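Engineer: Count the sequence shown with my numbering and you get residues 729 to 1120, in order.
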Amino acid sequence: MTTAQPLDVQPTPLALLLLGRESDPRSERGVECPGDLPAASDPDLVERARAAKAKLGSKVFVLGHHYQRDEVIEFADVTGDSFKLARDAAARPDAEYIVFCGVHFMAESADILTTEDQQVVLPDLAAGCSMADMATAEQVAECWDVLTEAGIADVTVPVSYMNSSADIKAFTGKHGGTICTSSNAERALNWAFEQGEKILFLPDQHLGRNTAVRDMGMSLDDCVLYNPHKPNGGLTTQELRAAKMILWRGHCSVHGRFSLDSVNDVRERIPGVNVLVHPECRHEVVAAADYVGSTEYIIKTLEAAPAGSKWAIGTELNLVRRLANRFADQGKEIVFLDKTVCFCSTMNRIDLPHLVWALESLADGKVVNRIEVDPEVASFSKLALERMLALP
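Take a look at the structure:
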């Protein structure tokens, strides 16, 4: 047996720390990173992206989600959250190609809402969503069987968050339910309770719990957590029958990492700070925050905030950093809620090299990474989305 010798690592500005051997006291805090961010991997990428986009002209429409990195946002025709972007795409029927700089479920929604003549492209097919992946069609079908055996399926209305796969949206549409966003979740739940006695909320437990308890005055006892990896969801028939909200055991890997300790720590470090978080955060974080709302709500709140105010934001870091830079000249201090920096790893897969490759391929007449939803799945998904659009 040989003994591994320590590696002779020369300190350089870009050297990576060996796992478990060292720590960096200058590690990222707030929204700042030590040193300068590296330039694009290819200095010609920006010009190549501009040239390809110019060649395509009105044939291409580029959508950029708020969580994208700045180098990608620069080439977006519109920015927004997932549903706003899908609707923006549908409003541009003249655009032959929709390049969605986001994640897979968002591109699916765009394909569902656009015409058959339009083609939706996702620059990197590996750009998925861990939350959406936490609920598969097979698991949800099994859950419905459990509810049927408990005698409550006929009084249960599924409500699925926009951050879900097309299969889950189709299940929702097929079973009389609706889709919701983080900004209209309360309206969606009120509508669902007019249709039935219980709600099966998919796939984000935190948005469902926070909306029911914080916004609608229910108690935590009205909510049960269905775990698809346990028999019967880990619940008794009595628990299912007593519950008003059956929450799917899913969460956002970024928003789920914020903790009550994060809130207490930032209040201690920054006197007078306003804590503003997304409703995908844990219930105890939302309860301790000063303001809670969707991505669009976060942006509008900071736009309206007085100069010199201090804010700790609990949402994805790319957006927080962009907002901090945007409002710096107004004296607004904006920091990331947690000390540990966390980007959405899958959203960040859409980088400039992938975007350039997709645009240049389209400019050369080759469609790459097209996202196509099965027609039947698309039909039921659209039904659920249309119910959301019709919410009072």
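We put the CB at the ideal spot given by N, CA and C, even for glycine. Since the model is a prediction, treat every value here as computed from it, not as a measurement.
How far does the alpha helix (DSSP H) with Thr876 in it extend, from its first residue to its last?
Structural biologist: To locate residue 876, count along the sequence shown from 1; it is residue 148. Thr876 -> alpha helix (DSSP H) spans 865 to 877.
Engineer: Go through its chain and collect everything with a Cβ distance to Val1101's Cβ below 6 angstroms, but skip five positions before and after it.
Structural biologist: Along the sequence shown, one-based indexing puts residue 1101 at 373. Answer for Val1101: Glu836, Asp839, Ile840, Ala894, listed in chain order.
Engineer: Can you tell which of Ile826, Leu928, Arg969 has the C-alpha that lies nearest to the C-alpha of Ile880?
Structural biologist: For this step, residue 880 is matched to residue 152 along the sequence shown. Nearest option by C-alpha distance: Arg969.
Engineer: Quick check: the segment 897 to 904 against the segment 934 to 950, are at least 3 beta-carbon pairs closer than 8 angstroms?
Structural biologist: The segment 934 to 950 vs the segment 897 to 904: no contact.
Engineer: Would you be able to state if there are at least three C-beta pairs under 8 angstroms between the segment 1073 to 1080 and the segment 827 to 834?
Structural biologist: Output reads yes: the segment 1073 to 1080 touches the segment 827 to 834.
Engineer: What does DSSP give as the partner residues of His793 in its beta bridges?
Structural biologist: Looking up residue 793 in the sequence shown gives position 65. DSSP output for His793 lists Gly808 as bridge partner(s).
Engineer: Using a 10 Å radius around the Cβ and a threshold of 16 neighbouring Cβ atoms, would you call Arg997 buried or exposed?
Structural biologist: As a working note, residue 997 is residue 269 in the sequence shown. Exposed: under 16 other Cβ atoms inside 10 Å.
Engineer: Just checking, does the segment 1028 to 1047 make contact with the segment 986 to 1002 on the three C-beta pairs under 8 angstroms criterion?
Structural biologist: These segments touch.
Engineer: State the DSSP-derived secondary structure class of Gln846, mapped to helix, strand or coil.
Structural biologist: For the purposes of this step, residue 846 is taken as the residue at position 118 of the sequence shown. Coil at Gln846, not helix or strand.
Engineer: Within 8 angstroms, do at least three Cβ pairs link the segment 1023 to 1030 to the segment 953 to 960?
Structural biologist: Contact fails: fewer than three Cβ-Cβ distances are below 8 angstroms.
Engineer: For Glu1061 and Gly1042, I'd like the C-alpha separation in whole angstroms.
Structural biologist: Mapped onto the sequence shown, residue 1061 falls at position 333. Mapped onto the sequence shown, residue 1042 falls at position 314. Spanning the two alpha carbons is a distance of roughly 14 angstroms.
Engineer: So does the segment 845 to 853 actually touch the segment 1088 to 1108, counting three or more Cβ pairs closer than 8 angstroms?
Structural biologist: Cβ pair count under 8 angstroms is three or more, so yes.
Engineer: For the pair the segment 976 to 995 and the segment 902 to 909, tell me if three or more CB-CB distances fall below 8 angstroms.
Structural biologist: No: fewer than three Cβ pairs fall under 8 angstroms.
Engineer: In whole angstroms, give me the CA-to-CA distance for Ala1091 and Pro771.
Structural biologist: To locate residue 1091, count along the sequence shown from 1; it is residue 363. To locate residue 771, count along the sequence shown from 1; it is residue 43. Using only the alpha carbons, I get a separation of about 20 angstroms.
Engineer: Going by DSSP, what residue range makes up the beta strand (DSSP E) through Leu930?
Structural biologist: Along the sequence shown, read from residue 1 onward, the residue named residue 930 stands at position 202. Looking at the DSSP string, the run of the beta strand (DSSP E) that includes Leu930 is 926 to 930.
Engineer: Using the Cα positions of Glu1123 and Cys951, report the straight-line distance between them to the nearest angstrom.
Structural biologist: In the structure displayed, the chain extends from 729 to 1120; residue 1123 sits before or after that span and is not available.
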